[in-house]
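Accompanying notes for the structure given below.
Residue numbers (this note's numbering): 13 to 550.
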């Protein structure tokens with residue numbers, strides 16, 4: 013990082029990067045039933061995507077000299093500093109989707125020349141697999157060797173009335189997640205790179221010869237989801253519109269939930285809309301969040317070990333929202349303004365414990381155990397805020413857009429059983445910026461020259477754990493005869509383009525009486541980049 017001299021007594025040269033390459037195929041085959049103007053159809057969908065990504069730079073981190081973290085004492089802090097290299101960490105992922113969609117009109121009843129009753133069916137099979145090699149494998153849930161098989165089937169019946177729509181939908185979802193671990197191999201692959209650890213350190217050179225490959229352990233998780241929703245959308249007048257719905261969900265792993273929702277829209281004029289909604293929601297954890305690797309497979313990243321929590325439960329919420337949209341000016345150059353106010357009361361939301369990192373933990377030089385970071389159900393919480401967006405049309409295809417939002421997200425009640433000083437009630441949630449804003453201009457005609465630029469601002473508690481910043485993205489492209497040739501620039505301001513995560517380099521979180529504050533890690537953005545892209549639309 014600029015202004016910080018890395019240790020000079022490290023003679024090991026390693027190369028890390030963030031390269032990625034991939035390809036994707038998307039195919040749709042549709043047959044219209046009842047002729048070109050028929051309301052029935054059969055459609056086959058196929059999507060295949062393959063990605064190979066170098067994650068070594070993403071995981072590699074730097075500990076400033078003198079940072080002792082959550083343990084080790086002054087002597088260890090004085091020696092700490094340097095890089096933890098994950099050179100050679102590569103992720104290969106393959107996703108394949110196979111889908112069938114169908115729609116059939118039922119009965120002879122017509123409404124405005126269209127069938128009054130429609131039956132829809134959809135099936136989607138998704139196979140997502142990934143393999144991670146190198147010292148970063150299995151360090152966190154996104155870097156497991158795994159195979160995830162998902163099935164999604166739903167049936168929907170819609171009946172149109174003269175002033176409303178009644179719908180019933182039933183959904184059946186299945187998921188099977190298989191994760192592999194190789195005992196011992198991962199631990200031998202990661203080591204701090206920086207000041208010498210000494211001959212008695214508990215580490216193995218990642219570049220040295222490996223012992224015979226140990227057996228693979230398989231962990232399999234599965235679940236079945238069944239849900240049904242009954243919904244009615246009503247339009248009693250040209251100015252009054254409403255929707256009421258009831259959702260009933262049942263998860264084999266997390267139990268059952270009943271969630272009613274309602275929304276209302278009033279349009280006193282064609283340029284004005286006032287809306288309000290209320291309802292409850294039910295959100296379950298991802299299966300990968302439940303996996304806890306065996307102790308021998310846990311590798312610290314920046315002085316912290318990341319694991320799952322098999323006791324994690326869904327969170328429940330009650331949402332309230334009011335808003336309005338207004339169009340000002342004439343129809344040729346209108347100004348479109350929207351404002352939303354929202355309040356969400358959370359019950360047992362999932363929150364990540366944020367322990368203080370301990371550099372070089374679990375070595376003979378510093379035998380302090382590495383702290384664990386994992387998701388927990390943290391009592392109660394709240395989201396509240398405002399979103400404002402404006403869109404001014406300057407020419408036929410030229411728009412000036414701007415937006416501003418305040419998202420106050422915090423925990424209100426934290427159970428004593430999980431309160432270890434790493435969660436602070438009333439403080440903004442990490443990774444959820446309190447203030448965000450953007451301004452953008454762009455001209456996007458169907459054919460010809462296209463261009464645009466956008467400046468995005470994020471305030472405190474942003475995803476990088478750094479002070480507020482703004483990043484500029486821009487593009488220019490030309491579209492003709494189904495081809496688009498474009499040049500796209502990202503982070504042109506080159507803000508926070510440090511090469512690696514800085515351990516303990518972020519802002520301070522937590523202010524609980526009697527508990528230490530927590531220095532967060534400072535994450536990096538990819539530096540200024542310009543890409544040339546050719547797109548062919550068939």
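Here a beta-carbon is modelled for each residue, glycine too, at the ideal position from N, C-alpha and C.
Handout entry: Close Cβ partners of residue 330 (< 6 Å) along its chain, the five nearest in sequence each way excluded
Key = These residues qualify, in order along the chain: 292, 357.
Practice task
Compare the beta carbon distance of residue 443 and residue 73 with 8 Å and say whether it is the shorter of the two.
Solution key: no
Problem - Collapsed DSSP secondary structure at residue 536 in the structure displayed - result: If DSSP states are grouped into helix, strand and coil, residue 536 belongs with coil.
Exercise for the section: Would you mind giving the Cβ-Cβ distance between residue 157 and residue 191, rounded to the nearest angstrom? I have them listed as a contact below 8 Å. Expected result: Going by Cβ atoms, the distance from residue 157 to residue 191 rounds to 7 Å, so yes, they are a contact pair.
Exercise for the section: Could you say which of 399, 448, 395, 446 lies nearest to residue 424 if we only look at CA atoms? Expected result: 395
Exercise for the section: Tell me, please, whether the segment 277 to 290 touches the segment 245 to 262 by the rule of three or more beta-carbon pairs shorter than 8 Å. Expected result: yes
Practice task
Could you check which residue in 109, 373, 127, 66 has the C-alpha nearest to that of residue 51?
Solution key: 127
Exercise for the section: Inspect the beta-carbon positions of residue 316 and residue 367 and report whether they are closer than 8 Å. Expected result: yes
Problem - Status (buried if at least 16 other CB within 10 Å, exposed otherwise) for residue 172 - result: buried
Problem - When 305, 307, 261, 289 are compared against residue 295, the one with the closest alpha-carbon - result: 261
Handout entry: alpha helix (DSSP H) runs wholly inside the segment 492 to 516, at least 4 long, in chain order
Key = List check, alpha helix (DSSP H) in window: nothing returned.
Exercise for the section: Measure the alpha-carbon distance for residue 219 versus residue 61 and round it to whole angstroms. Expected result: The pLDDT assigned to residue 219 is 30, lower than 50, so where the model puts this residue is not dependable; a value taken from the coordinates is nonetheless given after this. As the crow flies, the alpha-carbon of residue 219 is around 32 Å from that of residue 61.
Practice task
Please list, in chain order, all residues of the same chain as residue 27 whose beta carbon is under 7 Å from its beta carbon, the five residues on each side excluded.
Solution key: 99
Problem - Proximity below 8 Å, CB of residue 102 to CB of residue 32 - result: No.
Practice task
Consult DSSP for residue 153 and reduce its assignment to one of helix, strand or coil.
Solution key: helix
Exercise for the section: Express the C-alpha separation of residue 420 and residue 530 in angstroms, rounding to a whole number. Expected result: 20 Å
Exercise for the section: Give the secondary structure of residue 327 by DSSP, where H, G and I count as helix, E and B as strand, and everything else as coil. Expected result: strand
Handout entry: Pairwise C-alpha distance: residue 348 and residue 408
Key = 15 Å
Exercise for the section: Measure how close the beta-carbons of residue 385 and residue 355 come, nearest whole angstrom, since I'm counting them as under 8 Å. Expected result: With a Cβ gap of about 29 Å, residue 385 and residue 355 do not count as contacting.
Problem - Member of 326, 55, 142 whose CA lies at the smallest distance from the CA of residue 132 - result: 55
Problem - residue 114 - containing beta strand (DSSP E), residue span - result: 102 to 123
Exercise for the section: Please find out if some non-hydrogen atom of the ligand FMN comes closer than 7 Å to the beta-carbon of residue 474. Expected result: Questions concerning the ligand FMN fall outside what the structure shown contains, since it holds no ligand whatsoever.
Problem - the segment 531 to 540 touching the segment 491 to 510, judged by at least three CB pairs closer than 8 Å - result: yes
Handout entry: Terminal residues of the beta strand (DSSP E) in which residue 394 lies
Key = 392 to 405
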